[in-house]
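Below you'll find the structure, written out as structure tokens, and then a few comments.
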Amino acid sequence: MDSRPLPMILAIFILFSSSAAGRSSPAAANGSEIFYAADNNNGAASFDYKDALSKAILFFEGQRAGKLPSSQRVKWRGDSALDDGKLEKVKLSGGYYDAGDNVKFTWTMAFSVGLLSWSAIEYEGSIISAGEMRHLREAIQWGSNFLINAHVTSKGSTLAFYAQVGEGTADHNCWERPEGMDTPRTLYKITPSSPGTELAAEAAASLAAASIVFKKSNLKYSTKLLQHSKSLFAFADQNRGTFSLSSPFYTSYSGFQDELVWAAAWLHKASGDGYYLDYVIKNQDLSHSVTEFSWDNKFAGAQTLLANEYYVGNKNLEKFKNDAEAFICGLMPGSGSTQIHTTPGGLLFTRDSSNLQYTAGGTMILFMYARMLDNHRIAAGLHCPSATFSSAQIKSFAKSQVDYILGNNPNKMSYMVGFGSSYPKQLHHRGSSIPSIYKLRERVECDQGKAWLNSGSPNPNLHTGAIVGGPDSSDHFTDVRSSYSQMEPTTYMNAAFVGSVAALQ
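For reference, each letter of the sequence shown is one residue, going -22 to -1, 1 to 483 in mature numbering (1 follows the signal peptide of the UniProt record, and there is no 0).
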């Protein structure tokens, strides 16, 4: 769980045009040129991106809660949390554990599922060619089913939406496998009298995106997803109030305006209903340039979706296009408006505490934006204050971030568990760090499990595909289980990475 209450592959060189003869980069506004050159950390980076995609998706099977299917590939996991929701006679036994703990946070789960759906939509052909679309759809459906079950309705109107299953503080004080946990499975929910606009709107966005994924393969399910999405959006918009007042974890710093715009953008894309397009146009003054795309702030994603609509012909969306461009310029080194700087090894660094979530989120948007430029044949590229970047250059820098995560970095290690020959061995993850229920049948008590938390041995269960929080701003990294900011995986970190590595297929 995010603790906020919650070789550099491509080096940037700025050369005056008089000394850069023969370079093919677009000229910058100040007469300089931007180009990228391989760093000497590991030589020219070359990774098996298909394998990385497969493992990034497989990770979600290790995060599953509930009754596991016969097709389950992560064999060290067992059934867990089968009685979730029984306290209030709702079926909440499925879904995903958020991170290395045993709590289910609906807000971040919805964001994760939404990102997976976006990848399935944009990179459908590549993911099918990689043989991973079935697995990706299963991952999306596993989370979407939980969101549907968490949504209590009457005659199409929302009565309640469950925000969290599990007592965060009690859970974090224990170190237990999910299969045998005995911490309280407290239920938190939002209602008209205790709203959580961020959560309801995020779920609406997620289900709208998922409805597109299943539209061709399962129209009945797709229609159901869209119906729930519309109901949740209406609930979010009509009962405004910050989610932070309804749940003690994952404090909302950015407010709920970003989620409302994000949800309306997805609902327009999924339904074609002009109401949602009118909604974002009327609310475009809410949009502003941001420096991250994360579980807390969705503006960059919404702006990118709506920038695409601008290029399709909806010129009333220019504000969103401009803000999307500002976000990309803010990530690109040498742009003249860089907001997020890189580590000495070339990694985009936003802040401590699981920085790779911000790297993965930003990289996903970089690829999406570059794809949009290509799709609309915008040869002029992106104009930033001090440089102009082609789509190829944006993709090249985005690729450098993927390659850093996969091993082209000063530590010469992959930050994805099970990828490459060197990767983190002490993942901050309860289920992975304690012997499997199939090997250690006895129940592991709350404090008893801390022997594994504090052990210096590698995790007995390989959580393949898990991406850790990553190194600090100086590229330093410590493979120690207790260092949760560097060693804990999250569903939303992996979900964003799926979108990035899918772009490289």
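Beta carbons: idealized from backbone N, C-alpha and C, even for Gly.
One or two residues paired with residue i in a DSSP bridge
{"i": "L360", "result": "F367"}
{"i": "S132", "result": "S135"}
{"i": "L334", "result": "Answer is none; L334 lacks a bridge partner."}
{"i": "I372", "result": "I372 is not bridged to any residue."}
{"i": "T456", "result": "Bridge partners of T456: none, in fact."}
{"i": "L326", "result": "T320"}
{"i": "I445", "result": "M394"}
{"i": "Y75", "result": "None; Y75 has no bridge partner."}
Neighbourhood of residue i by C-beta, 8 Å cutoff - its chain only, sequence neighbours within 5 removed
{"i": "A(-2)", "result": "Annotation note: pLDDT 29 at A(-2) (below 50); position unreliable, no value reported."}
{"i": "V476", "result": "L31, A34, I35, L93, L94, S97 and L114"}
{"i": "I105", "result": "L31, S97, A98, M111, L114, A480 and Q483"}
{"i": "S122", "result": "V91, S184, L185, A188 and L203"}
{"i": "E157", "result": "R55, G56, D57, S58, G409 and I415"}
{"i": "K299", "result": "Q281, L284, A285, Y288 and Y289"}
Coarse secondary structure for residue i, derived from DSSP in three states
{"i": "K377", "result": "helix"}
{"i": "Y101", "result": "coil"}
{"i": "V290", "result": "helix"}
{"i": "E11", "result": "The predicted model places E11 with a pLDDT of 35, which falls under 50 and marks its position as unreliable, so this point remains unresolved."}
{"i": "K33", "result": "helix"}
{"i": "residue 561", "result": "With the chain running from -22 to 483 in the structure shown, residue 561 is simply not present."}
{"i": "R42", "result": "strand"}
{"i": "F83", "result": "strand"}
{"i": "S58", "result": "strand"}
{"i": "M394", "result": "strand"}
{"i": "I415", "result": "coil"}
{"i": "V422", "result": "coil"}
{"i": "M52", "result": "The question names Met, yet the displayed sequence has Val at residue 52. Residue state, collapsed to three classes: coil."}
{"i": "Y140", "result": "strand"}
{"i": "Y253", "result": "helix"}
{"i": "K67", "result": "coil"}
{"i": "T229", "result": "coil"}
{"i": "V91", "result": "helix"}
{"i": "L405", "result": "coil"}
{"i": "S24", "result": "coil"}
{"i": "E466", "result": "coil"}
{"i": "D450", "result": "coil"}
{"i": "F234", "result": "coil"}
{"i": "V268", "result": "coil"}
Classification of residue i by the beta-carbon crowding that lies within 10 angstroms, buried from 16 upward
{"i": "A182", "result": "buried"}
{"i": "G103", "result": "exposed"}
{"i": "E180", "result": "buried"}
{"i": "A128", "result": "buried"}
{"i": "R163", "result": "buried"}
{"i": "T320", "result": "buried"}
{"i": "S24", "result": "exposed"}
{"i": "T456", "result": "exposed"}
{"i": "S253", "result": "Contrary to the premise, residue 253 reads as Tyr rather than Ser in this sequence. Per the 10 Å Cβ criterion, exposed."}
{"i": "V290", "result": "exposed"}
{"i": "S(-4)", "result": "Note that S(-4) has pLDDT 30, beneath the 50 cutoff, so the model's placement of it is unreliable and no number is given."}
{"i": "G146", "result": "buried"}
{"i": "L137", "result": "exposed"}
{"i": "T201", "result": "exposed"}
{"i": "E466", "result": "buried"}
{"i": "K297", "result": "buried"}
{"i": "Q371", "result": "buried"}
{"i": "N80", "result": "buried"}
{"i": "A357", "result": "exposed"}
{"i": "E66", "result": "exposed"}
{"i": "R51", "result": "exposed"}
{"i": "R42", "result": "buried"}
{"i": "P402", "result": "buried"}
{"i": "L384", "result": "buried"}
{"i": "R419", "result": "exposed"}
{"i": "R355", "result": "exposed"}
Own chain partners of residue i with C-beta closer than 7 Å, once the 5 adjacent residues on each side are dropped
{"i": "residue 488", "result": "Past the boundaries of the shown model lies residue 488; the chain is included only from -22 to 483, so the question cannot be answered."}
{"i": "V191", "result": "S95, A98, I99, R115 and I118"}
{"i": "S232", "result": "D274 and N275"}
{"i": "D215", "result": "L238"}
Cβ neighbours of residue i in the same chain (closer than 6 Å, five flanking residues each side left out)
{"i": "residue 486", "result": "Residue coverage of the chain in this structure runs from -22 to 483, which leaves residue 486 outside it and unanswerable."}
{"i": "E176", "result": "F221, S230, F234 and E237"}
{"i": "C152", "result": "T161 and C424"}
{"i": "K428", "result": "W153"}
{"i": "K373", "result": "A348"}
{"i": "R218", "result": "T175"}
Cβ of residue i within 8 Å of any chain B Cβ
{"i": "E39", "result": "This model lacks chain B altogether; it includes just one protein chain."}
Proximity test, residue i beta-carbon vs the ligand NAP heavy atom, cut-off 7 Å
{"i": "K64", "result": "This structure simply doesn't include the ligand NAP, nor any ligand for that matter."}
Counting only runs that start and end within the stretch 146 to 221, where is the beta strand (DSSP E) found for 3 or more residues in a row?
-> 165 to 168
Within the stretch 272 to 324, ranges of the beta strand (DSSP E) (whole runs, at least 3 residues) = none
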